[in-house]
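Heads up, the sequence shown is in the working numbering, so the first residue is 1 and it goes up one at a time. Where is the CB? At the ideal position from N, CA and C, for every residue including glycine. These figures come from a predicted structure and were not determined experimentally.
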Amino acid sequence: MYDLLVLGGGVAGLSAAVRAAQHGKSVIVVTKDVLGASATQYAQGGVAAVLEPDVDTPDAHFDDTITAGVGLCDREAVQVLVREGPDRVRELIALGAEFDREGAGYALTREGGHSAPRILHAGGDATGAEVERALVAGVRETAAEIRERWFALAVLADKSSGRAAGIAALDPSGNAHEIEARHTIIATGGAGQCFAVTTNPTLSTGDGTAMALRAGVAVADVEFMQFHPTALHHPSMPRPLLSEALRGEGAVLRDEEGVAFMADEHPLADLAPRDVVARTSARRLVDRGLEHLWLDATTIPDFERRFPTIWRACTTIGLDPSKDWLPCAPAAHYVSGGVCTDLDGATSMPGLWACGETANSGVHGANRLASNSLLDGLVFGSRIVDAIEHGKDGPDPTGVLLDYPGREFSGFETIREVGDVARESIQQLMTSYAGVLRDRTSLRHALDVLNEMPWPRNPEVANLHRVSTALVQAALAREESRGTHTRLDFPEMSDAFVGRFFFNIDPEKPVFVPLHETVSA
Ligand code: SIN
1 MYDLLVLGGG VAGLSAAVRA AQHGKSVIVV TKDVLGASAT QYAQGGVAAV LEPDVDTPDA
61 HFDDTITAGV GLCDREAVQV LVREGPDRVR ELIALGAEFD REGAGYALTR EGGHSAPRIL
121 HAGGDATGAE VERALVAGVR ETAAEIRERW FALAVLADKS SGRAAGIAAL DPSGNAHEIE
181 ARHTIIATGG AGQCFAVTTN PTLSTGDGTA MALRAGVAVA DVEFMQFHPT ALHHPSMPRP
241 LLSEALRGEG AVLRDEEGVA FMADEHPLAD LAPRDVVART SARRLVDRGL EHLWLDATTI
301 PDFERRFPTI WRACTTIGLD PSKDWLPCAP AAHYVSGGVC TDLDGATSMP GLWACGETAN
361 SGVHGANRLA SNSLLDGLVF GSRIVDAIEH GKDGPDPTGV LLDYPGREFS GFETIREVGD
421 VARESIQQLM TSYAGVLRDR TSLRHALDVL NEMPWPRNPE VANLHRVSTA LVQAALAREE
481 SRGTHTRLDF PEMSDAFVGR FFFNIDPEKP VFVPLHETVS A
């Protein structure tokens, strides 16, 4: 029996694992790939954190995060993020992460929705890779046990108390095992692979959220899949990202006539929050029957040195970013919702915790602010360990869980026939019918097709199916447009939907719960 089982190998899970091991806990890290292969390593832009509060302020970071989240952030969770974030970044630096420097301080850039340059980066545009490198080295230096290529199937529950007791998982040879732990953290990352066009690696299949949905754990806000406006338009998967930091350093989006169209759409033009840029781009693509737009980054000096990863991706396919406009289009990038937590990362199931993209800590609301995700993982991964250290065992009514009324049913999902389902059939369906622009007809079609499919035999595809179904159900129920959720048939934001669609209150459908007062204020 381990003190702590960490499921996932990205920034959130590994920062929790390192901290717990530093506290002398027995830790096991279980990851379905090898350590170091996670969505974290693909993060380009950086980590948003105010390290020098005289130049910029945590209050400004708070305001920008709340504005980007379009009414659905948990204000307390955002306070935690912006106030504790800088110390967590300093700890990461102490662990060995090296961020780019300029003069006597750190080089800072801007991205969409930020009112000041506050984004630290590493290796130019290889921030995630550097963060992952430092954390993997940190974990390897501890006594944590590491299981690579193990695939988690389910959360184990203690039969008498209902408390989480670890996980059931397949080893690399396909044999089933139970791994018992006093505390289990789900940190399995995102679900971009629900879509055919995504910046997420193949392993981002919503595993943690699917496990939570099956275990009766509270999940909410999964309709808020964020689409990154500037993925390189190219058949390779995942789509190479053209970081928002390019626009932070002067790049502009142009349409097929060369018009820099964002200037007419938002006061921040190309640095508007990501949902605004993605929606505007998607509308232009549909209205004009285009396959892609252009990102003009030709004004950026010394491109190759500042953005080496993007430079390589472009030059490999014959594009020179210092001369050529880069073809781009939106791609699924980050799910703002997920497994609901309180302010310490506790889920609705005692003994089960969640952090990182899998979790819904309330900091992202309806649209995550750029470069807040690595910070979210660092802050809430650490809070979980500190809470366990202080003897906490189950959730408090704080954060997103303040609004979760608990389960009111004892039913189970109707058992369906199991069969072979191609991952691509779900991905194509979701991209065609539940993408950036949605309406009742498209979502109804997606849900009907998902409901008619057998339950996928392959456990990873089954997770894609489970999360896609939840996403479409919530997107159908949310009859408004807000943040990253755009309904063509309900183009306006509505006061009737200032709240969350929770799963696992009712077995059949998501249930809407209005936000508590302090959040909606
Ligand atoms: C980017 O570099 O544009 C991505 C940053 C993020 O997703 O926060």
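Specify, as a first and last residue, the run of the beta strand (DSSP E) that residue i falls within.
i	result
methionine 225	225 to 232
isoleucine 186	176 to 186
cysteine 340	338 to 340
tyrosine 2	2 to 7
aspartate 296	293 to 296
leucine 153	151 to 157
tryptophan 325	Careful: tryptophan 325 lies outside any beta strand (DSSP E) and carries neither H nor E.
valine 513	511 to 514
leucine 352	352 to 354
glycine 499	499 to 503
I need the boundaries of the alpha helix (DSSP H) containing residue i, first residue and last residue.
i	result
aspartate 287	274 to 288
alanine 470	459 to 477
arginine 214	207 to 215
isoleucine 426	423 to 433
alanine 60	58 to 68
leucine 443	440 to 452
proline 308	308 to 316
isoleucine 300	Unbroken run through isoleucine 300: none, as it is neither H nor E.
isoleucine 167	Note, isoleucine 167: premise wrong, no alpha helix (DSSP H); beta strand (DSSP E) at 164 to 170.
leucine 375	373 to 389
For residue i, count neighbouring C-beta atoms within 10 Å of its own C-beta (all shown protein chains included) and say buried if the count is 16 or more, exposed if not.
i	result
alanine 176	exposed
proline 454	exposed
serine 15	buried
isoleucine 505	buried
isoleucine 28	buried
valine 519	Confidence at valine 519 is low in this model, with a pLDDT of 42, below 50, so its placement is unreliable and no value can be given for it.
phenylalanine 502	buried
isoleucine 186	buried
glycine 166	buried
alanine 143	exposed
alanine 104	exposed
Hey, would you say residue i sits closer than 8 Å to residue j, going by beta carbons?
i	j	result
leucine 203	aspartate 33	yes
alanine 68	glycine 128	no
valine 363	leucine 135	no
alanine 17	glycine 356	no
valine 30	leucine 4	no
lysine 323	threonine 347	no
threonine 254	alanine 260	The residue you asked about is not threonine; residue 254 is arginine in the sequence shown. Yes, Cβ-Cβ distance for arginine 254 and alanine 260 is below 8 Å.
aspartate 320	alanine 251	no
isoleucine 317	histidine 266	no
So does residue i have its beta carbon nearer than 7 Å to some heavy atom of the ligand FAD?
i	result
glycine 45	With respect to the ligand FAD, the structure offers nothing, as its ligand set consists of the ligand SIN.
**Whole beta strand (DSSP E) elements within the region 83 to 146, 3-residue minimum** = Runs of the beta strand (DSSP E) lying entirely within the region 83 to 146, each at least 3 residues long, are absent.
**Prompt:** Curious, which full-length beta strand (DSSP E) runs of at least 3 residues does the region 229 to 274 contain?
**Reply:** Fully enclosed beta strand (DSSP E) runs of 3 or longer: 252 to 254.
**Request:** Only counting runs of 3 or more residues, tell me where the beta strand (DSSP E) segments fall wholly within the region 7 to 42, in order along the chain.
**Result:** With a minimum length of 3 residues, the continuous beta strand (DSSP E) runs that stay inside the region 7 to 42 are 27 to 31.
**Request:** Take every Cβ of the region 429 to 439, pair it with every Cβ of the region 194 to 201, and state whether three or more of those distances are shorter than 8 Å.
**Result:** Taking a contact to require three or more Cβ pairs closer than 8 Å, the region 429 to 439 and the region 194 to 201 qualify as touching.
**Prompt:** Three or more C-beta pairs closer than 8 Å, one from the region 215 to 232 and one from the region 34 to 41: is that the case here?
**Reply:** They do not touch, by the three-pair rule.
**Message:** Three Cβ pairs or more, each shorter than 8 Å: is that satisfied between the region 90 to 99 and the region 271 to 281?
**Reply:** The region 90 to 99 is not in contact with the region 271 to 281.
**Asked** Given 8 Å as the limit, is there contact between the region 46 to 58 and the region 114 to 133, that is, 3 or more CB pairs closer than that?
**Response** A contact exists between the region 46 to 58 and the region 114 to 133.
**Message:** Check whether the region 228 to 235 and the region 320 to 338 are in contact - that is, three or more C-beta pairs closer than 8 Å.
**Reply:** Contact between the region 228 to 235 and the region 320 to 338 is established, with three or more Cβ pairs separated by less than 8 Å.
**Prompt:** Within the chosen definition, does the region 49 to 67 reach the region 333 to 353 through at least 3 CB pairs nearer than 8 Å?
**Reply:** Counting C-beta pairs with one atom in each stretch, the region 49 to 67 and the region 333 to 353 have fewer than three that are closer than 8 Å, which means they do not touch.
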